[in-house]
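The structure appears below as C-alpha cells.
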Ligand code: DC
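Numbering (the numbering used here), first residue to last: 6 to 226.
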C-alpha cells in the first residue's frame with residue numbers, strides 16, 4: 006500500500022502581504038492545520054529580550070536557541086487548528102506582537118543556527134497532519150518538495166496602510182530589506198510558486214483565488 010504523506014501548502018511573502026489572514030482562511034476551508042512560522046521567530050526574539058541576550062550577538066542568540074525549552078502544541082479555536090511553539094510551557098501570544106519584538110526579530114532570523122533549528126522544528130509540524138504554513142522560506146527551504154507554493158505581495162503603500170489600520174506603526178521596508186538580504190534562506194519567490202499581488206484585492210478574493218489554485222493542483226479523487 007502506498008503511504009499517504011500529509012500535504013503542505015507553503016505561503017510565503019513580504020510583511021503585511023496578507024499571509025496570516027489568508028493562510029487561516031485557507032486552513033479553515035480545507036480543514037488543515039495552520040502554522041505561523043513568523044510567530045516562532047518572534048518567540049525566540051521575545052525570549053532573547055527577556056533573558057537579556059543581545060540580539061546582535063549571533064553566538065549568544067544561537068546559544069539561546071540551542072538551550073531554550075520548547076514544545077510544539079496543536080490547539081483548536083473557532084474551527085481552526087493551529088500550531089503554537091511553547092517556551093517553558095508558555096505561548097507569548099501578545100508579547101510577540103510588541104514593537105520591540107518586531108524590531109528584534111529580523112536579527113535573530115538571520116542567524117544560520119537559528120534557521121536550522123527552525124527548519125527542523127517547522128518540519129516536525131507534519132506530525133499534526135496536512136498544513137498551511139506561512140513564512141518567508143517555506144517553499145524555498147522548509148518544504149521545498151511541496152507542489153503547493155504561493156507567494157503573496159502588495160505595494161509597500163498598501164502594506165503600510167494595512168499595518169496602520171491594525172494599529173501597528175512599523176518600518177516595513179527596513180524589515181523586508183533585512184529579510185531579503187540575509188545570507189541564509191532569504192525571502193525570495195520559490196521556483197514554481199504562484200505569485201499573487203493582492204494590493205487591490207480583499208482577503209475573501211485572495212483566499213478564493215488561493216483555494217481555486219490549490220484545488221487545481223490536487224490529484225483527482
Ligand atoms: O511574518 P512575521 O512578520 O510574523 O515574521 C516575523 C519575522 O520572522 C520576519 O521579519 C522574518 C522572520 N521570518 C523568517 O525569517 N522566516 C520565516 N519563515 C518566517 C518569518
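Here a beta-carbon is modelled for each residue, glycine too, at the ideal position from N, C-alpha and C. Owing to the predicted nature of the structure, the values given are computational and were not obtained by experimental measurement.
Just list the alpha helix (DSSP H) runs in the stretch 154 to 187, keeping only unbroken ones of 4 residues or longer that don't cross its boundaries, in chain order.
-> Contiguous alpha helix (DSSP H) elements confined to the stretch 154 to 187 occur at 161 to 170, 177 to 186, taking only those with 4 or more residues.
Taking the C-alpha atoms as reference points, what is the distance between residue 158 and residue 169?
-> Distance between the alpha carbons of residue 158 and residue 169 is about 17 Å.
Candidates 75, 129, 189, 142: closest to residue 11 by CA position | Ranking the options by Cα distance to residue 11, first place goes to 129.
Given residue 178 as reference, the closest of 207, 147, 164 once Cα atoms are compared = Here the closest residue by C-alpha is 164.
Residue burial classification, residue 20 (beta-carbon count within 10 angstroms, cutoff 16) = If you draw a 10 Å sphere on the C-beta of residue 20, you find 16 or more other C-beta atoms in it, and that means buried.
With respect to the alpha helix (DSSP H) encompassing residue 118, which residues constitute its N-terminal and C-terminal limits?
-> Annotation: the continuous alpha helix (DSSP H) that includes residue 118 extends over 117 to 128.
With 16 other Cβ atoms within 10 Å as the buried cut-off, status of residue 220 | When all chains shown are included, residue 220 counts as exposed.
According to the neighbour-count rule (16 or more other Cβ atoms, all chains shown, within 10 Å of its Cβ), is residue 95 buried or exposed?
-> Around the beta carbon of residue 95, fewer than 16 other beta carbons lie within 10 angstroms, which makes this residue exposed.
Nearest to residue 103 (by Cα), restricted to the options 140, 72, 171, 42 | Ranking the options by Cα distance to residue 103, first place goes to 171.
Hey, out of 32, 119, 43, whose CA is closest to residue 72's CA?
-> Closest by C-alpha distance to residue 72, out of 32, 119, 43, is 119.
Near residue 75, which residues of its chain fall below 6 Å by C-beta distance, leaving aside the five closest residues on each side in sequence?
-> Taken in chain order, the residues that qualify are 90, 92.
Helix, strand or coil at residue 87 according to DSSP, with G and I counted as helix = Here residue 87 sits in strand by DSSP.
Measure from the C-beta of residue 119 to each C-beta in chain D and report whether the shortest distance is under 8 Å.
-> The chain labelled as chain D is not found in the depicted structure, where only one protein chain is given.
Pick from 131, 152, 162 that is closest to residue 224, judged by C-alpha positions = Nearest of 131, 152, 162 to residue 224, Cα basis: 152.
On the DSSP bridge assignment, give the partners of residue 77 in chain order.
-> Partner(s): 90.
What residue range is occupied by the uninterrupted alpha helix (DSSP H) comprising residue 66?
-> For residue 66, the uninterrupted alpha helix (DSSP H) run begins and ends at 63 to 72, by DSSP.
What are the residues that DSSP puts in a beta bridge with residue 40?
-> BP columns for residue 40 point to 88, 138.
Could you tell me whether any non-hydrogen atom of the ligand DC is closer than 7 Å to the CB of residue 209?
-> Closer than 7 Å to some heavy atom of the ligand DC: that does not describe the Cβ of residue 209.
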